[in-house]
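Asker: Anchor point for the sequence shown: position 17 equals 17 in UniProt numbering, and the numbering is continuous, going up by one each time.
Quick reminder that beta carbons are idealized off the backbone N, C-alpha and C, glycines included.
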Amino acid sequence: MFYVQRDAAGQLRRVEAAAFDEFTEMLPADHADIQAWFADDIVENSLNQLKQSDLDMIRVLEDLIDVLTAKGVFKITDLPPGAQAKLLNRSTARKALSSLNNLIEEEEQGGLI
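Below, the structure written as structure tokens:
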């Protein structure tokens, strides 16, 4: 059983496994509203996992491109101009962040700043 609270339109606002002060009814786990509530959570979690995976893969691809260009397998100029620009922008941003990180480390060690 789940303890639920509904809004004025009858839509679920809150679903808990334990009773809470504002609950308005109890529903079984196989109730359609409960199934829909948790399906939304599963979809949202799956989308968040895919988004994080995309970010991780972007870094893997950047590293792969760096290795392949360093080994002479291909040149950045082999890529379409749009891809070249995106890689250059990311590389520039990463270098800027890297230099900021170096400044922070120097400050922590009693360096320049």
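1) Pick helix, strand or coil for Glu16, following the three-state DSSP scheme.
2) Let's test the definition: count the other Cβ atoms within 10 Å of the Cβ of Val43 and tell me whether it reaches 16, buried, or not, exposed.
3) Per DSSP, which residues does Glu62 bridge with? Please list them.
4) Tell me the start and end of each unbroken alpha helix (DSSP H) in the stretch 21-97 that is at least 4 residues and wholly inside, in chain order.
5) Find out if the Cβ-Cβ distance for the pair Ala17, Phe2 is shorter than 8 Å.
6) Could you pull out every residue in the same chain whose Cβ sits closer than 7 Å to the Cβ of Ala29, ignoring the five residues on either side in sequence?
7) Relative to the C-alpha of Ala36, which residue among Gln84, Gly82, Gln11 and Asn48 is closest?
8) Ordered along the chain, which non-local residues of its own chain (more than five positions away) have a Cβ less than 6 Å from that of Asn84?
9) Hey, Leu87 and Ile65: beta-carbon distance below 8 Å or not?
10) Using a 10 Å radius around the Cβ and a threshold of 16 neighbouring Cβ atoms, would you call Val60 buried or exposed?
11) Less than 8 Å between the CB atoms is what I'm expecting for Leu27 and Asp21, so what's the real figure, rounded?
Answerer: According to the structure data:
1) strand
2) exposed
3) For Glu62, which the question treats as bridged, DSSP gives no partner whatsoever.
4) 32-70
5) yes
6) Phe2
7) Gln11
8) Note that residue 84 corresponds to Gln in the displayed sequence, not to Asn. So the qualifying residues of the chain are Ile76.
9) yes
10) exposed
11) Not quite, the Cβ-Cβ distance comes to about 17 Å (not below 8 Å), so this is no contact.
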